[in-house]
Amino acid sequence: MRSLLLFYFLFSAVFLFAQDDQGYKTPPKDILDLVLAKPTPFVNVDNKGEWMLLLERSPLPSVEELAQPELRIAGIRINPNNFGPSRSVYSVEFKLKNIKNGEVYEVKGLPEKIRGSAVQWNPSQNKIAFTNATNKDISLWVIDVATQAATQIVAEPLNAVMGSAYAWVGDNEIIYKAVTKTLDQQPGKPLAPTGPVIQESKGKAAASRTYQDLIKSGYDEALFEFYSTAQLKKISVVDQKMVAVGQPGIYGTWSISPDKQYLLVRAINKPFSYLFPWFGFPHTIQVLDANTGARVKVLAQNPSNEGQPIGFDDVVNFPRQFDWRDDEPATISYVQALDKGLGKSKSEYRDAFMTTTVTGEAKELFKTKRRYNGITWGNKDLALVYEGSFAERKSRINKLNPSTGSIDSLYERSSNDNYADIGTPVTKQNEFGREVLLVQKNGELLLDANGAGPKGNLPLLQSWNLKTGQRKLLWQSEEGYYEYVVNVIDAEKMLFVTRRESPVQTPNYYLRELRKKKPVFIAITDFKNPYAQLEGIAKQKISYKRADGIDLTADLYLPKGYDAKKDGLLPVLIWAYPREYKSAADAAQVRGSKYTFTTISGGSPLFWVTQGYAVMDNAEMPIVGTDGKEPNDNFIPQLYLNAHAAIQAIAKMGIGDSNRVAVGGHSYGAFMTANLLAHTKLFKAGIARSGAYNRTLTPFGFQAEERTYWQSPEVYYNMSPFSYADKIKTPLLLIHGEMDNNPGTFPIQTERLYNAIQGHGGTVRYVQLPYESHGYTSKENILHMLWEQNQWLDKYVKNADKNKPGTGASEKKSF
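Residue numbers for the sequence shown follow the numbering used here, beginning at 1 and rising by one.
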């Protein structure tokens, strides 16, 4: 008996030790105030440049809200009480602003406690539709811009479980998906299973990704069918006359023809897959009459994605990417693989682009030599076609004549080469209300580009002569500011709306008109800085080299009023995310802009600049494939070179204490962090959030790694920090959302790494955030996460022994 009591006492003591510090905590006030600061409104400008909709976003939800009932089936997270998505972000305040006179109008007639989303302007830009969610249902509303008045259009609830819940049909009609059953008809959960859950493979290869929230039982199947079944209906927003369109069904996606006479529908069929989310289920592609719902044409009966290729350049071996041609009344396009969907197979052409009408036969319009990536329609003589190859890291823009099918290459670049990115074409609304290429009177296109270069991003607008290939700069953000085009209102006048910011200037919207004797530049918003606590902090983009000569950059933030001579060396937090490249030149490019305004989100590392740290955010961690090898063949050595160079850089600046450096990251950045602690002694501590640490659990590829575990087992083993958990002695804080839905980052990844480090005597702490997904959203969890990180950094970095050897830039190699 005494032995039992002793065992109970010891077990209880260990259990209590493992479960200490229970209950939510809050970080220091400077951090708390930044988290709870009210952000500037989201702005939605009409395409005429006459009105803007100002949307105030909902505050951080409580953990109690996250804890509400939720179904996780078929790759979807469903609110079972209102037939909509769970975990949505809403707008809680709607205002309209007249751009010409600057007047701001409250919208009348809104729901008392508005939770708006899915905002859409009608083609004429005089009405705005949105959905409003309550705990019981989702309703459809329309705002009349002229009167600034909102009206609920239909009394019955919408089904927003999957795909679009509604769409405009012209200016005064909307097609929407209605709920077909009431909650009391929900399938009851059986008290006991009717039998085992069985899956079987009959000798055919069927690789799949590690998707989450999949169907797992017959009961899940019944729930998915119940919640996703909807009835399409059409209603007039003028007199509320409504007609049903077709029969109830599971409509994954649907879209209206440019002439508003037909619907292109993807109807989900049984059997539902247990290996793929809903988009991989068997489905029928069909055309319905938009007025009666009568089936006009069946375009394809496609099987599930099980057994289909899953490589990065692979596609399904059946017709895909069905869509309407934007510049014709009712022409349908789709793509068919010519290489059986196998991107690495030998084939002169990869894809055939097909077109058909609702009554005619399909015909091939053109073929692509690389994988088809999309099309922007213009007119009967012009469209732009995009193709590319992940394996080659190549991207190409082609000129297509839709009348003849002739296709010619216009521009090709490395998809990793940001400096060579010429931008995306500016579009306009055509007579059907669809977006098509904006072709100027001289036949040239307009391109909206990031303007990437050695000075960072300086967004620009340029013209493109398709005959000569010449591009002419029309406008570019001036140095000292980060300004980009939001809407081109009138190309002939060069009249457009921009968003402009600087390190000390809050982002605001402006109206520019270039082709006047005196160019117009007018502010149309005046948002104030929501982060006053960050005023006075120093921000700069620093450049440095790693040992093999590759140029690197990082965004460096220093505390307000910091003086190196007076204040001495600072503790350092490096936050990063590795990326793979096929060339050193692409890896060395400057990314982002040093002229952006400092904004902050719950997961940001910038909070610690208020706590006396030097923060190196977006520290480049390129992994480069050299000498014909894949990038990940040298993942660990290159990771070391990147981290070592960052520490050396800030130490040489006389700012950072190389013996008091922490490293952190989220997702693949967490994976990076654990690897750095396993293979180097550069750091005093690490923070790893929502990562994957055992790559054998993602055996069919991960991130940019195309090879499978069985093709390159040594790569998977060597890149897995779990394989070297016995080497992780630097203090590591592990954080993970309890309900992470990201493929590959199951919570068990963190649980097992914690167990392994603990089992080998490492210093590690594991914090699981209740109800959180891959990104964290609830106020209590975000504040507690920041408290945990602050405690960890202060204990193991800021207050660590400044003179203790064996860490920092002095280390030469330990992998």
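For every residue, glycine included, the Cβ atom is placed at its ideal position computed from N, Cα and C.
Computed from a predicted model, the values in this text were never measured in an experiment.
Burial state of His760 is exposed, judged by a 10 Å Cβ sphere holding fewer than 16 other Cβ atoms.
Residue pairing by DSSP places Ala352 opposite Gln336, Lys367 in a beta bridge. Put simply, the backbone Cα of Leu382 is about 10 Å away from that of Leu466. When rounded, the separation of the alpha-carbon atoms in Glu106 and Val35 is 27 Å. For His736, the enclosing beta strand (DSSP E) begins and ends at 732-737. Residue Ala167 holds the alpha-carbon nearest to the alpha-carbon of Asn122 among Ile114, Lys113, Ala167. Counting along the chain, Trp787 sits inside the alpha helix (DSSP H) bounded by residues 779-793.
For Arg579, the enclosing beta strand (DSSP E) stretches over residues 579-581.
About 14 Å separates the beta carbon of Ile623 from that of His679, a gap too long to meet the 8 Å contact definition. Here Met672 carries a helix assignment [DSSP, helix/strand/coil]. Only residues of its own chain outside the window of five on either side were considered, and among them Phe94, Ala150 have a CB closer than 7 Å to the CB of Leu110, listed in chain order. In the DSSP secondary-structure assignment, Ser414 is bridged to Lys394. Bounds of any alpha helix (DSSP H) do not take in Asn457, whose DSSP letter is neither H nor E. CA-to-CA, the gap between Leu338 and Tyr372 works out to about 11 Å. Secondary structure of Arg707 (DSSP, three-state): coil. For Lys234, the enclosing beta strand (DSSP E) starts and ends at 229-236. Scanning Asn101, Gly612, Gly49 for the CA closest to the CA of Asp794 turns up Gly612. Per DSSP, Ile636 is not a residue of any beta strand (DSSP E); the alpha helix (DSSP H) it occupies stretches across 635-652.
Val287 counts as buried, since no fewer than 16 other beta carbons sit within 10 angstroms of its beta carbon. Of Tyr693, Ser217, Val296, the smallest CA-CA separation from Ser273 is found for Ser217.
The three-state secondary structure of Asp657, taken from DSSP, is strand. When the beta-carbon positions are compared, Gly293 and Val237 stay at least 8 Å from each other. Here DSSP, grouped into helix, strand and coil, assigns Leu183 to helix. DSSP, read as helix, strand or coil, puts Ile31 in helix. Assignment of His679 by DSSP, reduced to helix, strand and coil, places it in the helix class.
When the alpha-carbon of Gly691 is set against those of Ser773, Ile215, Thr626, the nearest one is in Ser773. Minimum Cα-Cα distance from Thr610 among the listed residues Tyr557, Lys582, Arg512 corresponds to Tyr557. For Glu156, the closest alpha carbon among the candidates Lys177, Gly75, Val169 is that of Lys177.
Under the 10 Å beta carbon count, Tyr724 is surrounded by 16 or more other beta carbons and is classified as buried. Distances from the CA of Ala206 to each of Lys270, Gln308, Glu56 were compared; the closest alpha carbon is that of Gln308. The C-beta distance from Phe366 to Pro507 rounds to 41 Å, too long to fall under 8 Å, and the pair is not in contact. C-alpha of Tyr709 to C-alpha of Phe312: approximately 15 Å in a straight line.
Counting along the chain, Pro747 sits inside the alpha helix (DSSP H) bounded by residues 747-759. Counting only residues of its own chain and dropping the five nearest sequence neighbours on each side, Lys260 has a CB closer than 6 Å to the CB of Val169, Gly170.
Per DSSP, the continuous beta strand (DSSP E) segment holding Tyr509 begins and ends at 505-513. When beta bridges are read from the DSSP output, Met616 appears opposite Leu556, Ile574.
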